[in-house]
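Only one structure is covered here, and it is reproduced in the block below.
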Amino acid sequence: MTIVKFLGGLGNQLFQYAFYLALQRAFGNVKADLGGYESYTLHQGFELGRVFGISLREISEFERKLYLPEDRRWLWRKLRQICGTKYSYMEEKQLFYFDESIFSKAAKRYYWGYWQHADYIRLVEDELRRKLIFPPFDDDQNEKLVGWMEGRNTVSVHVRRGDYIGDPLLGGICDVVYYKRAIDYIGHAVENPVFIFFSNDVAWCKQTFAPYSDVFVGWNDAYNSFRDMQLMAHCKHHIIANSSFSWWGAWFNTSPSKIVVSPSKWVNGPSAPTDGIILPSFVAL
14 MTIVKFLGGL GNQLFQYAFY LALQRAFGNV KADLGGYESY TLHQGFELGR
64 VFGISLREIS EFERKLYLPE DRRWLWRKLR QICGTKYSYM EEKQLFYFDE
114 SIFSKAAKRY YWGYWQHADY IRLVEDELRR KLIFPPFDDD QNEKLVGWME
164 GRNTVSVHVR RGDYIGDPLL GGICDVVYYK RAIDYIGHAV ENPVFIFFSN
214 DVAWCKQTFA PYSDVFVGWN DAYNSFRDMQ LMAHCKHHII ANSSFSWWGA
264 WFNTSPSKIV VSPSKWVNGP SAPTDGIILP SFVAL
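Just so we're on the same page, the working numbering is the position in the sequence shown counted from 1, plus 13.
The structure is reproduced here in structure tokens:
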């Protein structure tokens with residue numbers, strides 16, 4: 014049996030779900046560990062079931078203890094030795110890296126990581142497209158905006174603040190200079206673009222980007238935050254942040270003519286290959 018640990022917000026969960034499906038296609042017997050969401054206070058908990066109706070096979074508490082090395086009592090150490098799960102725990106080796114060796118041989122594994130690489134998605138993209146269907150809009154504000162977007166060259170602009178401010182890994186990358194350069198690029202590449210801003214700090218966006226747009230989406234909060242991703246997918250083009258949330262918003266747009274503008278780096282710190290997240294088709298600024 015193979016186990017995938019799910020953690021993080023909706024964008025992270027979608028990457029982990031692609032990884033889960035890829036393992037399932039390769040080996041068959043895959044389960045999910047959702048136990049971390051019982052005490053998870055960030056974002057909106059586990060959303061794949063609520064948003065997309067995804068049902069995952071979950072591990073039991075016995076299986077969790079059997080696959081994780083945390084309980085060091087003699088009984089559990091002996092059981093792991095007998096069942097062949099002593100070395101099952103495996104953390105993702107490197108962010109944004111596609112580990113092809115994972116699929117070379119079936120093994121008893123517990124995988125902890127984010128698995129943010131397009132190659133995991135490509136293995137199961139057809140299945141993902143079939144299963145990841147947003148529910149219909151059920152409120153006047155979103156429905157009105159979608160109707161207004163029809164016939165316009167809409168561009169989603171995702172501005173991630175809040176938890177990103179001061180973050181040593183993710184903060185400071187998508188600054189005002191980045192967004193103005195991205196807006197300028199789209200302005201030269203797209204006829205009459207209409208910029209629609211999505212953010213967890215709409216007040217700041219209105220103050221900062223008022224000359225570029227008067228459409229700022231800030232009403233889809235809490236358990237309706239996924240609607241922002243759904244609205245992004247309705248846009249014709251995208252300016253994304255170094256955020257899996259807006260990355261998936263652009264992915265859901267299947268138009269071959271879409272333009273996706275991305276920051277040229279995704280995280281702070283030592284450089285690492287990011288061609289699996291900053292795709293060759295993106296315009297990296």
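Using N, Cα and C, we set each Cβ at its ideal position, and we do this for glycine too.
Quantities reported herein were computed from a predicted structural model and do not represent experimental measurements.
Candidates the options: closest to residue i by CA position
{"i": "residue 104", "options": "17, 296 and 293", "result": "17"}
{"i": "residue 61", "options": "84, 122, 268 and 30", "result": "30"}
{"i": "residue 14", "options": "98, 91 and 288", "result": "98"}
{"i": "residue 292", "options": "264, 126 and 268", "result": "264"}
{"i": "residue 173", "options": "129, 242, 295 and 89", "result": "242"}
{"i": "residue 217", "options": "41, 229 and 90", "result": "229"}
{"i": "residue 249", "options": "19, 114, 25 and 166", "result": "166"}
{"i": "residue 83", "options": "101, 66 and 262", "result": "101"}
{"i": "residue 68", "options": "186, 33, 39 and 94", "result": "33"}
{"i": "residue 276", "options": "259, 47 and 269", "result": "259"}
{"i": "residue 81", "options": "137, 46, 52 and 206", "result": "46"}
{"i": "residue 123", "options": "43, 168, 64 and 244", "result": "43"}
{"i": "residue 223", "options": "196, 85, 233 and 137", "result": "196"}
{"i": "residue 215", "options": "183, 175, 205 and 184", "result": "175"}
{"i": "residue 133", "options": "268, 38 and 146", "result": "38"}
{"i": "residue 282", "options": "232, 114, 294 and 108", "result": "108"}
{"i": "residue 267", "options": "220, 138, 159 and 194", "result": "138"}
{"i": "residue 125", "options": "49, 220 and 117", "result": "49"}
{"i": "residue 208", "options": "274, 153, 256 and 239", "result": "274"}
{"i": "residue 154", "options": "58, 144, 240 and 295", "result": "240"}
{"i": "residue 8", "options": "164, 255, 225 and 151", "result": "The question about residue 8 has no answer, for the chain in this structure spans 14 to 298."}
{"i": "residue 140", "options": "27, 296 and 23", "result": "27"}
{"i": "residue 213", "options": "186, 142, 298 and 231", "result": "231"}
{"i": "residue 23", "options": "58, 294 and 194", "result": "58"}
{"i": "residue 285", "options": "79, 51 and 110", "result": "110"}
Beta-bridge partners of residue i, as assigned by DSSP
{"i": "residue 264", "result": "BP columns for residue 264 are empty, so no partner."}
{"i": "residue 250", "result": "168"}
{"i": "residue 273", "result": "251"}
{"i": "residue 229", "result": "210"}
{"i": "residue 18", "result": "46"}
{"i": "residue 235", "result": "Answer is none; residue 235 lacks a bridge partner."}
{"i": "residue 93", "result": "Looking at the DSSP assignment, residue 93 forms no beta bridge with any residue, so it has no partner."}
{"i": "residue 297", "result": "275"}
{"i": "residue 122", "result": "15"}
{"i": "residue 102", "result": "123"}
Cβ-based burial, residue i [other Cβ within 10 Å; buried from 16]
{"i": "residue 365", "result": "The structure shown does not extend to residue 365, since the chain is modelled only from 14 to 298, so the question has no answer here."}
{"i": "residue 199", "result": "buried"}
{"i": "residue 247", "result": "buried"}
{"i": "residue 236", "result": "exposed"}
{"i": "residue 90", "result": "exposed"}
{"i": "residue 171", "result": "buried"}
{"i": "residue 261", "result": "buried"}
{"i": "residue 201", "result": "exposed"}
{"i": "residue 287", "result": "buried"}
{"i": "residue 279", "result": "buried"}
{"i": "residue 148", "result": "exposed"}
{"i": "residue 190", "result": "exposed"}
{"i": "residue 136", "result": "buried"}
{"i": "residue 206", "result": "buried"}
{"i": "residue 75", "result": "exposed"}
{"i": "residue 93", "result": "buried"}
{"i": "residue 178", "result": "exposed"}
{"i": "residue 182", "result": "exposed"}
Supposed close pair residue i, residue j - CB separation, criterion 8 Å
{"i": "residue 289", "j": "residue 131", "result": "5 Å"}
{"i": "residue 21", "j": "residue 127", "result": "7 Å"}
{"i": "residue 162", "j": "residue 211", "result": "Not really, about 13 Å apart at Cβ, beyond 8 Å."}
{"i": "residue 146", "j": "residue 65", "result": "7 Å"}
{"i": "residue 129", "j": "residue 257", "result": "6 Å"}
{"i": "residue 251", "j": "residue 168", "result": "7 Å"}
{"i": "residue 272", "j": "residue 203", "result": "7 Å"}
{"i": "residue 298", "j": "residue 142", "result": "The Cβ separation is near 28 Å, so there is no contact."}
Exercise. Which whole runs of the beta strand (DSSP E) in the region 132-183 are 3 residues long or more, in chain order?
Worked result: Counting whole runs of 3 or more residues, the region 132-183 contains the beta strand (DSSP E) stretches 166-172.
For this session: Let me know the alpha helix (DSSP H) ranges lying completely inside the region 39-82, each 4 residues or longer, listed in chain order.
Result: Segments of the alpha helix (DSSP H) lying fully in the region 39-82: 61-65 and 74-80.
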